[in-house]
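Asker:
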Amino acid sequence: MKLRLITMVCTVTGGVAMAADTGPKDVHFDDYGAIETSLTGVVGDAANGAVIVGEKSKGNCVACHEVTALAGIPFHGEVGPVLDGAGDRWTEAELRGLVANAKMTFEGTVMPAFYKDDGYIRPGDAYTGKAPSAPLTTILTAQEIEDVVAFLATLNEQ
Amino acid sequence: MYTKVLTAVAALLTIPVTAMAGPDEDNLVINDELDMISVTEAPAHAENLDTIYSGWHFRTDETQALQIDDFDNPAMIFVDQAADTFETVEGAAGKSCASCHDGAESFKGLQASMPKVDAESGKLVVMEDLINKCRTEHMEADVWKWSGADMQGIVALIGLQSRGMPMNVAIDGDAALYWEQGREMYYTRFGQLELSCANCHEDNWGNMIRADHLSQGMINGFPTYRLKQAKLISRHNRFRGCIRDTRAETFAEGSDEFRALELYVASRGNGLSVETPAVRQ
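Just so you know, the protein sequences line up as chains A and B, in that order.
Going by this note's numbering, 105 is the number at position 105 of the first sequence; the sequence numbering is gapless.
Going by this note's numbering, 1081 is the number at position 81 of the second sequence; the sequence numbering is gapless.
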């Protein structure tokens, strides 16, 4: 009985959080590519954001960006700028815009959009090389975007 | 004086960074006797490159060493096997490659001009097409699978005969339309990551992407022995993997799209020596 109640609560909470998320097609970017409003309304978890930034199967941000705070993870790339001090250089809204779709801030940038689900040329089913069998999902979820933004906001130049 | 100090400081700052990020400055000499052109001026049609570099310059010393001596080059096992295959009779016509061709040596120079347009059909053909055409029309044997060991062994054996010769594929005349198609593909940002060939191999060559040192994506060393896969890898297999890794629906090996892309990418390396069979990570 108790277990069932917990499951119910989780389901309800999950449902509510999902309903409050701003879908990828409803995101409002301002003229400079920033996203003012949180995609979920739930404060980002910087610790989880750090995991996403370093994890190959998640954001894999370190594939292109060096992050001194994550020096424990091997092989940081150098395709994009070093992320140290990102929290000083950008506001939270700007960071959200950059992670969700950096092309709205920097036209033509090589950086992939992590919160977009259409407008692609020959999108595949993740990394299988095959055509998708279901509607595309964003690379990161709305809350994962918020978590990454929360982590990036902690990166200050000392 | 002040300028001189600044220059000295700049030099100090620049050298280590270049050494780490860019191509290295080693010379590629095979078996202590065959000087390879592994760095040269970019052809005019590779409009956004000044200098072209073999992928060899972006690999570790250990990987580089495997390619400079044929006794160390793991691809040579497959080339040796292919030399036997060349003599092996197969198919209803009772022929081997050697029945019509006067040794693999007779293919000297061919790889440097591939892909090319077949005069008869007007179609763009790559080495695998020529081989399968021989198999079906002259040997009356089955076609080989594109990236199979038999096929890539023979592709490598034929390519090896041109090793050291500069790549010189034609991009004009009948080839022009195919070349344009390949060029367009090269700059198309495929998949959910929206990455084109150019994003990595033109805009970011020399940079690290995670643990991988991005090269200019030259194919003058293919089929190449890839340590990761421990076998000869075809050009189209590499293309397929790259496009798959952009989270795209990739193209098939042996597709017309990849034939065109092969022509375009080969042409970007015009002037570099044929390195077949190269060794990469």
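Heads up, the beta-carbon is just placed ideally off N, CA and C, and yes, glycines get one too.
Please name the residue in B/S1106, B/L1193 and B/L1124 whose C-alpha comes closest to that of B/R1244.
Answerer: That would be B/L1193, whose Cα lies nearest to the Cα of B/R1244.
Asker: Does the beta-carbon distance from B/Y1264 to B/G1182 come in below 7 Å?
Answerer: In this structure, B/G1182 lies closer than 7 Å to B/Y1264 by Cβ.
Asker: How is B/Y1178 classed by DSSP in three states: helix, strand or coil?
Answerer: B/Y1178: helix per DSSP, three-state reduction.
Asker: On the three-state DSSP scale, how would you describe A/V82?
Answerer: Coil, per DSSP.
Asker: Would you be able to state if there are at least three C-beta pairs under 8 Å between the region 1100-1112 of chain B and the region 1248-1262 of chain B?
Answerer: Counting Cβ pairs under 8 Å, fewer than three are found: no touch.
Asker: Looking at the unbroken beta strand (DSSP E) that takes in B/I1233, where does it start and where does it end?
Answerer: Per DSSP, B/I1233 belongs to the beta strand (DSSP E) from K1231 to I1233.
Asker: Who are B/V1279's beta bridge partners in DSSP?
Answerer: B/Y1225, per the DSSP bridge assignment.
Asker: Output needed for A/M111: all residues of its chain with C-beta closer than 7 Å, excluding positions within five of it in sequence on either side, in chain order.
Answerer: Cβ neighbours of A/M111 beyond the five flanking positions: G80 and A102.
Asker: Helix, strand or coil for A/D117 per DSSP?
Answerer: A/D117 falls in the coil class under three-state DSSP.
Asker: Does the Cβ-Cβ distance between B/E1262 and A/R122 come in under 7 Å?
Answerer: No, the pair does not count as a contact, with Cβ atoms beyond the cut-off.
Asker: Please tell me whether B/I1209 has its Cβ less than 7 Å away from any Cβ of chain A.
Answerer: It does: the Cβ of B/I1209 has a partner Cβ on chain A nearer than 7 Å.
Asker: Shortest alpha-carbon distance to B/L1028 belongs to which of B/T1060, B/P1043, B/I1068 and B/Y1053?
Answerer: With distances taken between Cα atoms, B/L1028 lies closest to B/I1068.
Asker: Against A/A63, what residues of chain B qualify as contacts under a CB-to-CB distance less than 7 Å, listed in chain order?
Answerer: What A/A63 touches in chain B: I1209 and R1210.
Asker: Spell out whether any CB of chain A is found under 7 Å from the CB atom of B/G1191.
Answerer: So, interface residue.
Asker: Mind checking which residues open and close the beta strand (DSSP E) that includes B/T1063?
Answerer: Here B/T1063 belongs to no beta strand (DSSP E); instead the alpha helix (DSSP H) covers D1061 to Q1067.
Asker: Do B/A1198 and B/Y1186 come within 7 Å of each other at the CB atom, strictly closer than that value?
Answerer: In contact: B/Y1186 and B/A1198 (Cβ atoms closer than 7 Å).
Asker: Reducing DSSP to helix, strand and coil, say where B/E1137 ends up.
Answerer: It is helical.
Asker: DSSP three-state label for B/K1116, please.
Answerer: Note: B/K1116 maps to strand in three-state DSSP.
Asker: What residues in its chain sit with their C-beta under 7 Å from that of B/I1037, if we drop five residues either side in the sequence?
Answerer: The residues are P1166, G1271, L1272 and S1273.
Asker: Out of curiosity, what's the CA-to-CA distance linking A/G41 and A/D21?
Answerer: A/G41 and A/D21: Cα-Cα distance of roughly 7 Å.
Asker: Could you name the residues of chain A that B/T1296 contacts, counting a contact when the two beta carbons are closer than 7 Å?
Answerer: Here chain B covers residues 1001 to 1281 and nothing more, so residue 1296 of chain B does not appear.
Asker: Note the first and the last residue of the continuous alpha helix (DSSP H) segment covering A/Y127.
Answerer: Taken as a continuous stretch (DSSP letters only), A/Y127 belongs to no alpha helix (DSSP H), as it is neither H nor E.
Asker: I want to see whether chain A comes within less than 7 Å of B/R1247, judged by CB atoms only; does it?
Answerer: Taking Cβ atoms only, chain A reaches closer than 7 Å to B/R1247, which makes this a yes.
Asker: How would you list, in chain order, the residues of chain A whose beta-carbon sits under 8 Å from the beta-carbon of B/R1244?
Answerer: Simply G124, Y127, T128 and G129.
Asker: Assuming the contact rule is C-beta atoms closer than 8 Å, B/H1057 and B/S1267 should be a hit. Round their C-beta distance to whole Å, please.
Answerer: Between B/S1267 and B/H1057 the Cβ distance is about 20 Å, and since that is not below 8 Å, they are no contact.
Asker: Could you tell me the boundaries of the alpha helix (DSSP H) in which B/V1039 lies?
Answerer: Note, B/V1039: premise wrong, no alpha helix (DSSP H); beta strand (DSSP E) at V1039 to E1041.
Asker: Once DSSP output is grouped into helix, strand and coil, what is the label at B/N1270?
Answerer: DSSP places B/N1270 in strand when its eight states are reduced to three.
Asker: Skipping 5 residues on each side, what residues in its chain have a beta carbon closer than 7 Å to that of A/T13?
Answerer: Any answer about A/T13 is weak, because its pLDDT of 45 lies below 50 and its placement is not dependable; what the coordinates show is given next. Same-chain partners within the cutoff: there are none.
Asker: What's the gap between the Cα of B/D1026 and the Cα of B/G1269?
Answerer: Taking the straight line from one Cα to the other gives about 19 Å.
Asker: Could you check where the alpha helix (DSSP H) with B/T1085 kicks off and where it finishes?
Answerer: Segment A1075 to E1087, the alpha helix (DSSP H) holding B/T1085.
Asker: May I have the straight-line CA-CA distance separating A/T141 from B/Q1064, to the nearest angstrom?
Answerer: Between A/T141 and B/Q1064, the C-alpha separation is close to 42 Å.
Asker: Which residues in the same chain have their Cβ closer than 6 Å to the Cβ of B/Y1053, if we skip the five residues on either side of it in sequence?
Answerer: Excluding residues within five positions, the ones whose Cβ falls inside 6 Å are P1023, V1039 and Q1216.
Asker: Give a yes or no on whether 7 Å exceeds the smallest Cβ distance from B/K1004 to chain A.
Answerer: With a pLDDT of 43 at B/K1004, under the threshold of 50, the predicted position of this residue should be treated as unreliable, though the coordinate-derived value follows. So, not an interface residue.
Asker: I think A/A93 touches A/A34, with their Cβ atoms under 8 Å apart; what is that distance to the nearest whole Å?
Answerer: Yes, they are in contact, since the Cβ atoms of A/A93 and A/A34 sit about 4 Å apart, within 8 Å.
Asker: Going along the chain, which residues of its own chain have a beta-carbon closer than 7 Å to the beta-carbon of B/R974, five neighbours each way excluded?
Answerer: Any answer about residue 974 of chain B is impossible in this case: the structure gives chain B only from 1001 up to 1281.
Asker: Measuring alpha carbon to alpha carbon, tell me which residue in B/A1278, B/P1277 and B/H1236 is nearest B/R1259.
Answerer: For the residues B/A1278, B/P1277 and B/H1236, the minimum Cα distance to B/R1259 belongs to B/H1236.
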